[in-house]
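**Q**
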Amino acid sequence: PRDFGARAGEFRLHRGVRFYYHSIAFDGLTAFSQRTAANYFVSGDMLVKLRVNRVFSPAALSSSLGARREAYARAGYQEATVTTNRVTWNESTGAVSVEIALREGLPTMVRSVRVQVQGAGDLAAPETTRTLKAGTRYSRLWQQGFAQTLQSEQQLKGFPDTAVEFTPLRRETNATSIQ
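When you read off a place in the sequence shown, starting at 1, and then add 95, the result is the number in this note's numbering.
(1) From ASP256 to SER247, what does the alpha carbon distance come to, in whole angstroms?
(2) Taking ALA258 as the reference, give the member of PHE241, THR131, ARG266 with the closest Cα.
(3) I'd like the span of the alpha helix (DSSP H) that includes PHE241, first residue to last.
(4) Helix, strand or coil for GLU165 per DSSP?
(5) Please list, in chain order, all residues of the same chain as GLN129 whose beta carbon is under 7 Å from its beta carbon, the five residues on each side excluded.
(6) Would DSSP call ARG206 helix, strand or coil?
(7) VAL193 and THR179 look like a contact to me (Cβ under 8 Å); what is the Cβ gap, rounded to whole Å?
(8) Drop a sphere of 10 angstroms on the beta-carbon of LEU197, count the other beta-carbons inside from all chains shown, and report buried for 16 or more, exposed for fewer.
This is the structure:
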């Protein structure tokens with residue numbers, strides 16, 4: 096780039112229209128409350144609903160959709176999809192209405208975990224099965240936490256290089272969940 100040799104500059108900004116969420120509707124929402132879902136798109140509840148707290152941008156909408164998908168995954172809804180059905184805006188007032196389409200699917204539950212410790216020679220421990228409390232939701236976050244717990248147990252026993260592998264043994268679907 097060329098050097099810029101000006102000593103002073105003057106800029107004039109024309110603000111234009113501020114786009115804001117006028118309404119957010121959810122189609123297919125059952126696992127979370129309307130308020131919880133809306134908080135992913137606009138900042139928390141305020142006594143007075145100001146436009147400055149409900150600013151809309153396409154990038155922020157995309158980010159909010161991704162955060163909503165992640166919330167479903169963490170809650171055990173591995174097959175959930177979150178998309179927009181309709182986005183309409185008024186060019187003169189800046190009011191934006193968004194309709195979010197949700198397909199939650201069934202929650203994925205963990206019933207039990209079979210832990211198999213493989214070691215060298217006589218150090219191999221017997222295979223154990225751990226039954227978890229009813230209603231434990233499966234998610235990547237749960238899997239990471241469980242892996243860290245297993246690694247910590249083995250490190251305390253003197254095995255610092257412990258590696259954990261997960262292999263689903265069986266999946267069953269009933270009317271309300273995947274187990």
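Cβ coordinates follow ideal geometry from the N, Cα and C atoms, glycine included.
Computed from a predicted structure; not experimentally measured.
**A** Let me lay it out:
(1) Numbered from 1 along the sequence shown, position 161 holds the residue referred to as residue 256. Numbered from 1 along the sequence shown, position 152 holds the residue referred to as residue 247. Rounded to the nearest angstrom, the two C-alpha atoms are 10 Å apart.
(2) What you label residue 258 is simply residue 163 of the sequence shown in a count that begins at 1. If we check each option's Cα against that of ALA258, PHE241 comes out closest.
(3) Stepping through the sequence shown from its first residue, residue 241 is reached at position 146. Here the alpha helix (DSSP H) through PHE241 covers 235-251.
(4) Within the sequence shown, the letter at position 70 stands for residue 165. Helix.
(5) For this step, residue 129 is matched to residue 34 along the sequence shown. Only PHE121 meet the Cβ criterion.
(6) In the sequence shown, counting from the first residue as 1, residue 206 sits at position 111. In the structure shown, ARG206 sits in coil (DSSP, three-state: anything other than H, G, I, E or B).
(7) Here residue 193 refers to the residue found at position 98 of the sequence shown. Here residue 179 refers to the residue found at position 84 of the sequence shown. About 6 Å separates the two Cβ atoms, so the contact holds.
(8) Residue numbering aside, residue 197 sits at position 102 when the sequence shown is read from its first letter. It counts as buried.
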